[in-house]
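Structure first, commentary second.
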Amino acid sequence: MTEQKDRELYYWLCLVREFESRISALDKQGKLSGGVYSGKGQEAVTVGFCHALRKDDWIFPLHRDLGAFLVKGSDPKRLMAQIFGRRDGFSKGKDSYLHGGDMGNGIFGATSMLGATLPVAAGMAFKFKARGEDSVAVAFFGEGASSRGDVHEAMNFAGVHRLPVVFVCENNFYAYSTPNNLQFAADSLAERARGYGFKGEIVNGNDLHSVLDSARKAIARARKGEGPTLVECKTYRYHGHSEHDRAEYREQEEVITWESRDPVMLWEVYLGMKKHDVEAIRTETAEKVRRVVEEAVAFAEASPPPEGPEAMDDLYAMPIDTEVP
Amino acid sequence: MTEQKDRELYYWLCLVREFESRISALDKQGKLSGGVYSGKGQEAVTVGFCHALRKDDWIFPLHRDLGAFLVKGSDPKRLMAQIFGRRDGFSKGKDSYLHGGDMGNGIFGATSMLGATLPVAAGMAFKFKARGEDSVAVAFFGEGASSRGDVHEAMNFAGVHRLPVVFVCENNFYAYSTPNNLQFAADSLAERARGYGFKGEIVNGNDLHSVLDSARKAIARARKGEGPTLVECKTYRYHGHSEHDRAEYREQEEVITWESRDPVMLWEVYLGMKKHDVEAIRTETAEKVRRVVEEAVAFAEASPPPEGPEAMDDLYAMPIDTEVP
Amino acid sequence: MQVTYIEAIRQAMEEEMARDPNVMLLGEDVGVLGGPFKASAGLQEKFGPDRVLDMPISESMIVGGGVGLAVQGMRPICEMQFIDFISCAFDQIVNTAATLRYRHGGQTACPIVVRGPSGGGVHGGLYHSQNPEAWFFHVPGLKVVAPSTAYDAKGLLKAAIRDDDPVIYFEHKFFYRRIKEEIPEDDYVVPIGQAALRREGRDLTVVAYGPPFHAAMKAARDMEKEVDIEVIDLRTLLPLDWGTIKSSVRKTGKLLVLHEARLTGGVGAEIAARVAQDCFEDLDGPVMRLAARDTHTPFAAAMEDYVLPNQDKVTEAIRKLAAY
Amino acid sequence: MQVTYIEAIRQAMEEEMARDPNVMLLGEDVGVLGGPFKASAGLQEKFGPDRVLDMPISESMIVGGGVGLAVQGMRPICEMQFIDFISCAFDQIVNTAATLRYRHGGQTACPIVVRGPSGGGVHGGLYHSQNPEAWFFHVPGLKVVAPSTAYDAKGLLKAAIRDDDPVIYFEHKFFYRRIKEEIPEDDYVVPIGQAALRREGRDLTVVAYGPPFHAAMKAARDMEKEVDIEVIDLRTLLPLDWGTIKSSVRKTGKLLVLHEARLTGGVGAEIAARVAQDCFEDLDGPVMRLAARDTHTPFAAAMEDYVLPNQDKVTEAIRKLAAY
Ligand SMILES: Cc1ncc(C[n+]2csc(CCOP(=O)(O)OP(=O)(O)O)c2C)c(N)n1
Ligand SMILES: Cc1ncc(C[n+]2csc(CCOP(=O)(O)OP(=O)(O)O)c2C)c(N)n1
Ligand SMILES: [Mg+2]
Ligand SMILES: [Mg+2]
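Residue numbers (my numbering), protein chains in the order written: chain A, 246 to 570; chain B, 246 to 570; chain C, 51 to 374; chain D, 51 to 374.
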């Protein structure tokens with residue numbers, strides 16, 4: 246990889262992390278309402294998968310995939326406004342956090358219903374295939390969401406038509422408080438791919454190199470019409486399920502173990518081994534991402550909160566009369 | 246196997262077939278209304294799986310599993326009354342055909358929604374396990390139904406708790422008009438079991454010996470607390486999807502091929518090779534099953550059709566006032 | 051040309067697919083089979099398997115996939131083999147589709163149609179007789195239509211396909227081959243949101259859709275010497291054509307609402323409630339409703355007939371209100 | 051003892067599980083975590099993981115599994131982590147559970163409870179604010195309850211658990227820790243199907259449940275010099291306590307129905323419609339309804355407040371009807 250690329254990826258890792266940290270801090274300060282689901286610790290997955298995508302590729306992020314928005318091209322300012330529930334957010338305040346997509350950048354906004362985006366991704370991928378377009382749909386989901394029927398229906402359909410879709414499972418070992426052994430019994434979720442007639446693989450989701458490699462191959466396969474891939478990324482969330490969750494259902498030892506494989510740190514080790522000036526890069530990048538996030542927060546705070554009657558907008562293509570006697 | 250057992254199994258095969266044939270004939274004569282979904286050609290699956298079950302085991306048949314009712318112990322008379330929609334049917338005429346269970350014999354009545362019985366079966370199996378009971382739940386479903394989300398949710402849950410449930414997939418190569426290649430992409434549905442952490446296997450569903458063997462093992466495994474099994478039985482329906490379907494979406498050649506592996510005929514071949522007097526057995530059995538079915542039809546025809554106001558019964562445990570102004 | 055109700059549906063799909071290459075059909079057995087009722091007969095042959103797509107038995111995938119296609123500018127028609135199975139796609143309809151535009155702050159349209167055979171009267175039993183429109187009527191972001199003539203079946207389906215919002219289209223299977231009408235050869239649409247005043251009258255308004263609408267028309271003709279009945283065919287349930295209902299009730303002073311779906315919590319309740327609020331001073335009698343009894347639609351003929359509205363019940367209800 | 055609404059729910063589950071070994075709880079994160087709102091705190095420790103079962107994220111499995119357990123004589127409580135996700139279990143509720151007894155001709159009971167946090171007012175946005183009771187209100191075979199006090203939260207949940215029919219239990223998350231009341235130490239149930247006359251009055255009847263019920267009580271107190279308001283807390287939505295509503299309206303001649311769910315197609319429509327039909331001659335004013343506006347419940351505070359009923363809107367509606 247070129248030094249530029251090395252630095253660029255580092256920038257993304259740091260930007261996502263800074264963004265996450267800032268949001269957690271804002272939440273603590275009571276500046277946000279609504280759920281905040283930190284993806285801290287899982288940055289390599291979203292960076293790795295979204296970095297290689299084109300503008301006309303689509304992603305389907307879930308609640309912990311804030312990084313996916315940033316790397317896929319969303320304006321950090323608008324993303325922050327979305328999180329604040331302001332008028333300049335993707336939802337114009339109608340919903341918050343990641344329940345608003347950024348369609349101009351190929352980002353579909355999820356409902357809360359876990360797994361429900363996967364059929365949408367598969368449907369969209371069918372269009373790419375039917376029209377001979379070489380775009381790709383990438384759907385993210387947690388290992389907890391994998392238990393939902395929708396996930397099955399989508400994978401089955403994607404297999405039948407060998408659709409250009411990549412299913413990225415972020416196995417962070419917990420669904421809220423529920424550990425893997427109460428969520429599924431297979432050795433690995435990647436094994437399920439066979440039952441749908443496509444390829445599944447397991448990846449170290451904390452190692453950006455591994456993720457990049459796997460992402461590149463899966464995306465290329467989809468683009469060339471060779472069908473879907475299910476990639477199970479083993480990773481870990483540092484925070485509780487949401488900022489309100491003290492995550493007492495897990496051992497501190499476990500958290501420490503995972504922190505010792507931190508994706509940002511691992512990338513710094515790599516930068517060092519490539520003889521880049523890590524200290525300088527770190528300082529410079531920190532400054533850069535701090536500025537981006539700062540600006541985003543300033544923008545979001547300045548963005549007006551929507552007014553009451555705006556609640557009636559955007560419901561239908563042409564407003565219908567919803568005033569009843 | 247003892248001669249008695251050989252004959253008994255033959256009796257069941259013939260009874261199911263005769264029952265199916267008679268229903269098709271009644272339908273042609275316009276004596277039935279509502280859908281009739283013939284399982285002709287698939288008798289070995291239901292006979293093989295239900296024959297070895299105990300009264301306190303439960304089955305969850307779908308629309309083509311009429312034989313399962315008979316072999317699990319349902320009174321043919323009441324079953325016929327159910328099909329006629331009469332008061333002595335399991336539903337008391339509220340629904341017809343197989344949408345009424347026979348709970349005294351451990352038979353759960355399905356809704357039409359394919360796949361929806363599997364979570365129910367898994368839930369029931371959880372009770373067996375939690376209470377230390379050694380009963381088993383056996384859920385039948387078509388390969389078409391396998392695409393439904395409910396099937397996934399049930400299998401996943403059953404895997405997590407290693408529940409005493411057997412999932413019997415009747416792969417008859419078509420879901421209505423939809424062939425396997427448009428329904429799923431795996432080489433075999435049995436492969437899915439691995440993704441749920443249990444055993445899957447493929448069986449020749451037209452060969453009663455194979456089915457019996459597989460059923461015996463799967464049921465024993467469940468009973469001993471060794472968890473679920475997914476058995477994919479390859480079989481074929483001779484008739485159209487329902488009696489109204491002329492099944493022009495398939496080749497006559499294919500039908501003939503399958504008729505040449507007819508489960509009843511194969512069993513007769515076996516009886517012959519065991520030096521039983523096949524001709525005598527055939528005549529005797531034919532007479533017996535004819536009588537049973539005849540009596541069932543007579544009973545059903547004599548059973549009163551429900552009267553209008555009975556529509557309000559059985560809705561709640563204690564009738565509530567449904568008369569509104 | 052003379053066409054049946056089901057043929058009108060087929061023509062609407064065929065013509066729209068011919069007109070707009072983005073229109074497509076997703077459903078179980080819609081291709082080679084042409085659907086159990088032949089609603090899509092010949093379409094796959096004409097438009098190919100990428101536009102008339104035989105789906106696995108996955109209702110949630112069918113509708114969710116439709117949303118993904120819609121975001122890409124396609125106009126998918128999502129068929130439920132029987133409308134009863136819409137329960138299996140419920141989340142995708144009420145959450146993914148109905149809120150799509152809203153949660154995206156207007157960034158996208160959601161031009162999907164979900165349609166399928168609804169209704170009873172054909173001894174279909176509990177799972178082949180349902181009229182689930184009230185569930186969707188309660189969901190902002192959706193539009194809901196229920197045509198009762200072949201003309202409307204075609205015109206409303208065309209309008210639904212061209213509409214930029216998700217439309218749930220309830221076609222009544224009792225009408226499929228029992229209704230046959232002369233309809234125009236030329237392209238036309240029936241605008242969503244407009245009820246049809248089918249018969250003018252001064253004494254009493256009947257608002258209806260589905261089979262009871264036809265019963266009301268017959269009753270109105272049969273009783274025309276005694277009472278002058280105005281009959282409104284609702285056609286679109288959501289958005290409700292409140293203006294048409296209101297002016298009619300203002301004029302006649304009496305309202306009977308009819309539908310085949312169950313009474314409690316049905317669409318009729320909303321209409322009655324609005325009239326009770328907004329036309330209070332105009333009313334010369336109680337607002338009446340007739341609908342299915344509050345139970346499931348049973349299989350056996352006498353029970354089904356007991357549960358569903360029929361000609362006698364409709365006539366009697368009209369007579370009772372007229373006499374008030 | 052003084053308990054919060056959520057603690058009343060927890061106690062009901064704990065006491066019923068202690069009383070009857072067949073009672074169990076199925077849901078996501080109900081075990082070690084005790085649920086996101088601590089509704090089941092301590093229950094797994096006390097009753098073990100076979101009776102307080104952490105389920106995979108599979109709402110359809112949770113309810114379908116509940117039915118399988120119920121057929122075996124168990125009494126499962128199926129928790130939706132947020133009631134909004136009930137859309138993912140929709141088919142199992144409206145088809146498998148609601149028709150279980152009926153399609154089996156009375157061979158079995160179906161004693162399951164489906165419960166979870168519903169309602170808005172807490173900036174939950176589109177998918178953590180829903181009030182989906184109207185969908186289930188339209189389904190015969192189900193019972194539907196919605197307690198608005200801690201006393202009822204406990205008593206109705208106990209009644210629901212002991213009931214042989216499927217009960218959908220809507221607990222309002224706005225009440226969880228905001229409502230705190232003295233309730234009896236002793237075992238008690240609140241019978242399903244009985245509304246509570248919370249305040250007698252002669253001028254006007256308010257029928258309500260959820261947060262607007264409390265707004266109505268406050269308005270009634272605040273305005274007691276001007277107008278004498280009768281307030282009915284509905285508590286059970288299905289089966290509806292029609293007798294209580296009817297006698298009240300017969301007495302007062304005026305009715306206002308309130309709920310937090312959307313207006314169109316809401317439960318209030320049914321109540322208004324019945325009154326319009328059955329109490330026509332008693333009415334001294336239009337039957338009025340106040341409910342959420344017909345849109346989704348948005349996140350941003352001003353919009354949410356614009357959409358949902360609040361004290362001012364309730365007071366104004368009462369004033370308007372009183373002045374009629
Ligand atoms: C259908 C549905 N059921 C339940 C929830 C509540 N819920 C939100 S996140 C979550 C855990 C998700 O776990 P996982 O999919 O592993 O993602 P993670 O949070 O670990 O990234 C749950 C149960 C939901 N959002 N949707
Ligand atoms: C959820 C749902 N969708 C659609 C249908 C309509 N339907 C009834 S049977 C059938 C085909 C079933 O195929 P399969 O599961 O293979 O069983 P088979 O009929 O071949 O025995 C379909 C699509 C249904 N009953 N339920
Ligand atoms: Mg997880
Ligand atoms: Mg099949």
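Beta carbons: idealized from backbone N, C-alpha and C, even for Gly. Bear in mind that the values here come from a model prediction, so they are computed numbers and not experimental data.
Integer Cβ distance of residue i from residue j, believed to fall under 8 Å
i: A351 (chain A); j: D302 (chain A); result: Note that residue 351 (chain A) is Gly in the sequence shown here, rather than Ala. With 8 Å as the limit, G351 (chain A) and D302 (chain A) qualify as a contact, their Cβ atoms being about 6 Å apart.
i: F132 (chain D); j: E109 (chain D); result: Actually they do not touch by this definition, with Cβ atoms about 10 Å apart.
i: F330 (chain D); j: T314 (chain C); result: The pair is not a contact, with the Cβ atoms about 19 Å apart (cut-off 8 Å).
i: K193 (chain C); j: I242 (chain C); result: 6 Å
Minimum Cβ-Cβ distance from residue i to chain B less than 7 Å
i: F353 (chain A); result: no
i: S298 (chain D); result: no
i: P262 (chain C); result: no
i: S392 (chain A); result: yes
i: N72 (chain D); result: no
i: H173 (chain C); result: yes
i: P106 (chain C); result: yes
Short CB-CB distance (under 7 Å) between residue i and chain C
i: F329 (chain A); result: no
i: D344 (chain D); result: yes
i: L560 (chain A); result: yes
Beta strand (DSSP E) segment containing residue i, residue limits
i: A410 (chain A); result: In the sequence on display, residue 410 (chain A) carries Val and not Ala. V410 to N416 is the span of the beta strand (DSSP E), which, as asked, contains V410 (chain A).
i: G387 (chain B); result: A382 to G387
i: L305 (chain C); result: L305 to R312
Test item: CB-CB of residue i and residue j under 7 Å
i: V307 (chain D); j: V257 (chain D); result: yes
i: A367 (chain B); j: A403 (chain B); result: yes
i: V411 (chain A); j: V448 (chain A); result: no
i: E310 (chain D); j: P261 (chain D); result: yes
i: V261 (chain B); j: G312 (chain B); result: yes
i: R437 (chain B); j: G440 (chain A); result: yes
i: R393 (chain A); j: I107 (chain D); result: yes
i: V195 (chain D); j: T54 (chain D); result: no
Within-7 Å CB hit, residue i to chain D
i: M353 (chain C); result: no
i: T255 (chain C); result: no
i: H344 (chain B); result: yes
is_contact[residue i, chain G] using C-beta, thresh 7 Å
i: D302 (chain B); result: Here chain G cannot be found, since the structure's protein chains are A, B, C and D.
Bounding residues of the alpha helix (DSSP H) (the contiguous stretch that carries residue i)
i: P262 (chain C); result: P261 to D272
i: C478 (chain A); result: C478 (chain A) -> not in any alpha helix (DSSP H); beta strand (DSSP E) instead, spanning T474 to K479.
i: G404 (chain B); result: G394 to V405
i: H296 (chain A); result: E288 to H296
i: P508 (chain B); result: P508 to M518
CB contact check: residue i to chain A, cutoff 7 Å
i: F305 (chain B); result: no
i: H154 (chain C); result: yes
i: P348 (chain D); result: yes
i: E575 (chain B); result: Only positions 246 to 570 of chain B appear in this structure, which leaves residue 575 (chain B) out of reach.
Query raised in the report: Pick out every residue whose C-beta is nearer than 6 Å to a heavy atom of ligand 4: which are they, in chain order?
Result: B:G387, B:E388, B:G389, B:N417, B:Y419 and B:A420
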